[in-house]
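Counting in the numbering used here, the sequence shown runs from 129 upward without gaps.
First comes the structure, then the notes that go with it.
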Amino acid sequence: MYKTKNPSAIRSQKDITKALLNLMNEYPYEEISVKQILIDAKLARKTFYRNFKSKDDVLLSLIREKLFCYFQIVNKGDVDVLSTIFSFAVKNRELLMLLERNNLLHVVLQCMNENIGLHKTKYVSKNNPFVRLFDGLDSEYLISLNIGAIWNVITLWIHEGMKDDPEYIKNSISKYLMSLSEENIISCK
């Protein structure tokens, strides 16, 4: 998506995104064309290409926007990261279920992984809980481990229809991590 402050362009971007989501409710993602998006949004082709490179760009922009809100919350610190990601998933349930139905949940992981390098920049607050955890360690690998593990849990939960209570899942994860620590299954030598 091309960044802009023009109110008309922002409105067009929202209309295009909404049209894509509407169409994803009716058709498989791979069958949706830019032309269909334009018909649904009631916009001209040039308007689409002034705002987006492709249909994939529309979807990626939407996911990145949603994840940006999640990352901002985590970056402030003093949050339970698991609770925050479950809240993110609940808040974006409709989108995540659409992605699941279209075998596109991996795109969320792809967008999360884009941000791995950001922890080395000015964008990461000192209050971010991971800054303290990863101090002195190769954080890129550790962030990848965390993102991959948690996103696999979230993906399974979405695949199962998001029926289980997030507290139940969080408790299971916590018990497992404590058991790992107690049993010295993973060597810390």
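Here a beta-carbon is modelled for each residue, glycine too, at the ideal position from N, C-alpha and C.
Stretch pair the segment 187 to 195 + the segment 228 to 239: three plus CB contacts closer than 8 angstroms: Contact check between the segment 187 to 195 and the segment 228 to 239: three or more CB pairs, one atom from each, fall below 8 angstroms, which counts as touching.
Beta-carbon proximity of Ala217 to Ile167, cut-off 8 angstroms: No, Cβ-Cβ distance for Ala217 and Ile167 is not below 8 angstroms.
Check whether Leu149 and Leu224 have beta carbons under 8 angstroms apart: Not a contact, by the Cβ cut-off of 8 angstroms.
Extent of the continuous alpha helix (DSSP H) to which Glu174 belongs: With the sequence shown as reference, residue 174 is identified as Lys, and Glu is not the correct amino acid for it. Membership of Lys174 in the alpha helix (DSSP H) is indicated by the continuous run Arg173 to Asn179.
Neighbourhood of Leu151 by C-beta, 8 angstroms cutoff - its chain only, sequence neighbours within 5 removed: These residues qualify, in order along the chain: Ile160, Gln164, Ile165 and Asp168.
Beta carbon of Ile278 nearer than 8 angstroms to that of Ile201: Their beta carbons are not under 8 angstroms apart, which means Ile278 does not touch Ile201 by this criterion.
Three-state class that DSSP yields for Ser136 in the structure shown: Helix at Ser136.
Reduced DSSP secondary structure (H/G/I, E/B, other) of Met240: In the three-state reduction of the DSSP assignment, Met240 falls in the helix class, which pools H, G and I.
Lys170 in three-state terms, based on DSSP: If DSSP states are grouped into helix, strand and coil, Lys170 belongs with coil.
Inter-residue spacing [alpha-carbon to alpha-carbon] between Tyr198 and Tyr130: Spanning the alpha carbons of Tyr198 and Tyr130 requires a straight line of approximately 21 angstroms.
Contact under 8 angstroms by Cβ, Met306 with Arg221: No, the pair does not count as a contact, with Cβ atoms beyond the cut-off.
Sequence-distant residues of the same chain with beta carbon closer than 8 angstroms to Ile138, five excluded per side: Its chain contains Thr132 as the residues whose beta carbon lies nearer than 8 angstroms to that of Ile138, once the 5 sequence neighbours on both sides are disregarded; these appear in chain order.
Where the alpha helix (DSSP H) containing Lys194 begins and where it ends: Annotation for Lys194: the continuous alpha helix (DSSP H) segment containing it runs Lys183 to Lys204.
CA-to-CA distance, Val281 to Glu242, given in whole angstroms: Going from the Cα of Glu242 to the Cα of Val281 covers about 19 angstroms.
Enclosing alpha helix (DSSP H) for Val209 [first to last residue]: Segment Val209 to Lys219, the alpha helix (DSSP H) holding Val209.
Best match in Asp143, Lys170, Asp206 and Asp208 for proximity to Leu187 [C-alpha to C-alpha]: Taking the Cα of Leu187 as reference, the smallest distance to any Cα among Asp143, Lys170, Asp206 and Asp208 is reached at Asp143.
Contacts around Leu210, its chain only, beta-carbon distance under 6 angstroms, and the 5 residues preceding and following it disregarded: Counting only residues of its own chain and dropping the five nearest sequence neighbours on each side, Leu210 has a CB closer than 6 angstroms to the CB of Lys298.
Cβ pair Ser140, Asn179 closer than 8 angstroms: For Ser140 and Asn179, yes; Cβs fall inside 8 angstroms.
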